[in-house]
Amino acid sequence: MFEPVIAFVKAFAADPAQPCDRLWMAVGIFEGLIDDNRALLPVLEATGMDVHYEEVVDGHHWQAWRNSLGRALQGLLPVS
Numbered sequence: 139m140f141e142p143v144i145a146f147v148k149a150f151a152a153d154p155a156q157p158c159d160r161l162w163m164a165v166g167i168f169e170g171l172i173d174d175n176r177a178l179l180p181v182l183e184a185t186g187m188d189v190h191y192e193e194v195v196d197g198h199h200w201q202a203w204r205n206s207l208g209r210a211l212q213g214l215l216p217v218s
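Position in the sequence shown (from 1) plus 138 gives the number in the numbering used here.
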């Protein structure tokens, strides 16, 4: 299921670029991809992006991102 994501991350890590100014990552510590997300963090930061990374005590399901969505939107959207 995650093969396309893993392929994208490997390609990005091999030739990183700054695709956006800010990025928010909320990762469940019980996710199968937790180690991959941890390894990707310094690659993303090295591009110059403003990266917010948080680990939540959860897995990979909607409750995990639901609880972070409000903070993510506040952190990513410009204040008017």
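Positions of the beta carbon are idealized from the N, C-alpha and C atoms, including for glycine.
Exposure label - residue i; buried when at least 16 CB within 10 Å
i, result
"Leu-178", "buried"
"Ala-202", "buried"
"Leu-182", "buried"
"Ala-152", "exposed"
Supposed contact pair residue j and residue i - C-beta distance, whole angstroms, cut 8 Å
i, j, result
"Gly-170", "Asp-196", "Contact flag wrong, Cβ pair sits at about 13 Å."
Host beta strand (DSSP E) of residue i (start-end)
i, result
"Ala-155", "Note, Ala-155: premise wrong, no beta strand (DSSP E); not H, not E."
"Asp-188", "188–194"
8 Å Cβ cutoff met for residue i and residue j
i, j, result
"Met-187", "Gln-156", "yes"
"Asn-205", "Val-194", "yes"
Per-residue DSSP class, three states only, for residue i
i, result
"Leu-171", "coil"
"Val-165", "strand"
"Val-181", "helix"
"Val-217", "coil"
Extent of the continuous alpha helix (DSSP H) to which residue i belongs
i, result
"Gly-208", "200–214"
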